[in-house]
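Asks: Just passing along the structure, written as structure tokens.
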Amino acid sequence: MDKSRKIFIVTLSVSLFINQFTAGAQSLLAENGETIRIFSFNIQIFGVSKMNKPEVVAILTDIISKADLVAIQEVRSQDIAPVVQFMQLLPLKYGYVLGPREGRTSSKEQYWVIYDTTKMRIAGENTWADPDDIFERNPLGVYFQTKDAFDFILIDNHIQPSNAVSEIAALPLAVKYFQELWDERDVVIVGDFNADGGYFNEGTLAGIFPEYGYKIIITNDFDTTVAESDNTYDRIIVTASAFEDYAGNCGVIRFDELYDFSALTIQPRHVSDHFPVWAEFFLGTDTD
């Protein structure tokens, strides 16, 4: 079977499943034209295997279609085809950026940022060079300009668990680099920080991102993992100037509660081992 026909069959089967599955699904978030919603999601080893599970793909597309921007971590596929297939299942308004393959071992990952092209455009993208070679996967920066006043830099990162202390401590250096590169103070740092549990003392996070310069939106009281343990691995942190545009709404998308898995052949852990986190920002209040 040629690749184009296989993509068509996968697309058709998932589309049919979505129509059946999401018809009675609970709405994740109501539409609001005055704000944008930014999601961060460690999608857990995204590639061919995940795309071959229609129920998983249906849930992922339903979640992502509720966002204006989604920063994704852990794209493992060496082939771009699974990303292209997935994008074909989303509304046409969505565009995407795929970062370079990152990692010191044969198991490399890419950052994947999906965004609503009717609300924002990309003014620049770059990967931090990390001159001291601290990061396993160098943070990706994308500079967005919205249709209104709110322009910002998104930094997507996936912290290496075994080096979480050093990598998290170095994130402000990446922030400074991107701020100077694009002359923009508003920065939204997202991703799987592994900032809890045995990897990192969550109580020290505020020292790295002090209140006078940053605001931690996804705080230590959120549980962002599907496992029974309660850990805040995934974070959204903004610079003080970006916090002025924060709409006051944030949370964790508990897809294990939103969808009726008793009617499916999969379990929540098949979707991902992380829940997406999100925050909402005003479009028209930017002052910098």
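Each residue of the sequence shown is one higher than the last, beginning at 1 in the UniProt record's numbering.
Note that the Cβ used here is the ideal one computed from N, Cα and C, for glycine as well.
Remember, it's a predicted structure, so these values are computed and weren't measured experimentally.
#1: Is there contact here, the stretch 116 to 127 with the stretch 78 to 86, by at least three beta-carbon pairs under 8 Å?
#2: Apart from the five residues on each side of it in sequence, which residues of its chain come closer than 6 Å, Cβ to Cβ, to F282?
#3: On the premise that D186 lies in contact with S241, defined as a C-beta separation below 8 Å, what is that separation, rounded to the nearest angstrom?
#4: Output needed for A164: all residues of its chain with C-beta closer than 6 Å, excluding positions within five of it in sequence on either side, in chain order.
#5: Short of 8 Å in beta carbon distance, which residues of its chain neighbour Q267, apart from the five on each side in sequence? Order them along the chain.
#6: Which same chain residues, not among the five before or five after A149, have their C-beta less than 6 Å away from its C-beta?
#7: Report yes if the C-beta distance between V238 and F275 is below 9 Å; otherwise report no.
#8: Classify V277 as buried or exposed, calling it buried when 16 or more other Cβ atoms lie within 10 Å of its own Cβ.
#9: Assuming D68 contacts R101 (C-beta within less than 8 Å), just tell me the rounded distance between them.
#10: Alpha carbon to alpha carbon, how far is K53 from S65? Give it in angstroms, no decimals.
#11: Do you know how far the Cα of G203 is from the Cα of Q44?
#12: Checking 9 Å against the spacing of the C-beta atoms, do N231 and H158 come in under that value?
#13: Does the separation of the CB atoms of Q145 and E109 fall below 9 Å?
#14: Using 9 Å as the threshold, is the C-beta distance between R137 and G103 below it?
#15: Less than 9 Å between the beta carbons of V190 and D156, yes or no?
#16: Figure out for me which residue from A279, A263 and D273 has the closest Cα to the Cα of E55.
#17: Need the endpoints of the alpha helix (DSSP H) that G141 sits in, please.
#18: If you draw a straight line from the C-alpha of I122 to the C-alpha of L205, how long is it?
#19: DSSP on K119, reduced to helix/strand/coil?
#20: Below 6 Å CB to CB, which residues in the same chain sit around E125 once its five sequence neighbours on both sides are set aside?
#21: Does T105 pass the burial test, meaning 16 or more other C-beta atoms within 10 Å, or should it be called exposed?
#22: With a threshold of 7 Å on Cβ separation, who are the neighbours of R254 within its own chain once the five nearest residues in sequence on each side are excluded?
#23: Please state whether the Cβ-Cβ distance between V271 and I134 is less than 9 Å.
#24: Might you give, ordered along the chain, the residues of its own chain that have their beta carbon closer than 6 Å to the beta carbon of F178, omitting 5 neighbours on each side?
#25: In the structure shown, what three-state DSSP assignment does R104 receive?
#26: When the distance is taken between beta carbons, is I218 closer than 9 Å to C250?
Replies: Taking the definition as stated:
#1: no
#2: The residue labelled residue 282 in the question sits at position 282 within the sequence shown. Here the set comprises T35, D245 and A247.
#3: For this step, residue 241 is matched to residue 241 along the sequence shown. For this step, residue 186 is matched to residue 186 along the sequence shown. That pair is a contact at about 5 Å.
#4: Residue mapping note: residue 164 aligns to position 164 of the sequence shown, counting from 1. Excluding sequence positions up to five before and after A164, its CB lies within less than 6 Å of the CB of N194, Y199 and F200, all in the same chain and listed in chain order.
#5: On the sequence shown, position 267 is the one that residue 267 refers to. Result list for Q267: F261, in chain order.
#6: The sequence position of residue 149 within the sequence shown is 149, counting from 1. G284 and D286, listed in sequence order.
#7: As a working note, residue 238 is residue 238 in the sequence shown. As a working note, residue 275 is residue 275 in the sequence shown. For V238 and F275, no; Cβs fall outside 9 Å.
#8: Counting from 1 along the sequence shown, the entry for residue 277 is found at position 277. Buried, by the Cβ-count rule.
#9: Position 68 of the sequence shown holds residue 68. Position 101 of the sequence shown holds residue 101. 26 Å between Cβ atoms; not a contact.
#10: For the purposes of this step, residue 65 is taken as residue 65 along the sequence shown, with counting starting at 1. For the purposes of this step, residue 53 is taken as residue 53 along the sequence shown, with counting starting at 1. Cα-Cα distance, rounded: 18 Å.
#11: In the sequence shown, the residue the question calls residue 44 occupies position 44. In the sequence shown, the residue the question calls residue 203 occupies position 203. Answer to the nearest angstrom: the Cα atoms are 26 Å apart.
#12: The residue labelled residue 231 in the question sits at position 231 within the sequence shown. The residue labelled residue 158 in the question sits at position 158 within the sequence shown. Contact: no.
#13: Taking the sequence shown and counting its residues from 1, one reaches residue 145 at position 145. Taking the sequence shown and counting its residues from 1, one reaches residue 109 at position 109. Contact flag unset, no.
#14: For this step, residue 137 is matched to residue 137 along the sequence shown. For this step, residue 103 is matched to residue 103 along the sequence shown. In this structure, R137 lies near G103, with their beta-carbon atoms less than 9 Å apart.
#15: Within the sequence shown, the letter at position 190 stands for residue 190. Within the sequence shown, the letter at position 156 stands for residue 156. Yes, these two residues count as a Cβ contact at 9 Å.
#16: As a working mapping, residue 55 is identified with position 55 in the sequence shown. The residue with the shortest Cα to Cα distance from E55 is A263.
#17: Numbered from its first residue, the sequence shown carries residue 141 at position 141. Element bounds for G141: not the alpha helix (DSSP H) but the beta strand (DSSP E), L140 to T146.
#18: Along the sequence shown, one-based indexing puts residue 122 at 122. Along the sequence shown, one-based indexing puts residue 205 at 205. So the alpha carbons of these two residues sit roughly 30 Å apart.
#19: Against the sequence shown, residue 119 aligns to sequence position 119. Coil at K119, not helix or strand.
#20: Translated into positions along the sequence shown, residue 125 becomes position 125. Around E125: V97 and V142.
#21: In the sequence shown, residue 105 corresponds to position 105, counting from 1. With fewer than 16 Cβ atoms within 10 Å of its Cβ, T105 is classed as exposed.
#22: Along the sequence shown, one-based indexing puts residue 254 at 254. Answer for R254: F275, listed in chain order.
#23: What you label residue 271 is simply residue 271 of the sequence shown in a count that begins at 1. What you label residue 134 is simply residue 134 of the sequence shown in a count that begins at 1. Taking 9 Å as the Cβ cut-off, V271 and I134 do not qualify as a contacting pair.
#24: In the sequence shown, counting from the first residue as 1, residue 178 sits at position 178. So the qualifying residues of the chain are G141 and I153.
#25: Numbered from 1 along the sequence shown, position 104 holds the residue referred to as residue 104. Three-state DSSP puts R104 in coil, outside helix and strand.
#26: The residue you call residue 250 lines up with position 250 of the sequence shown. The residue you call residue 218 lines up with position 218 of the sequence shown. Contact flag set, yes.
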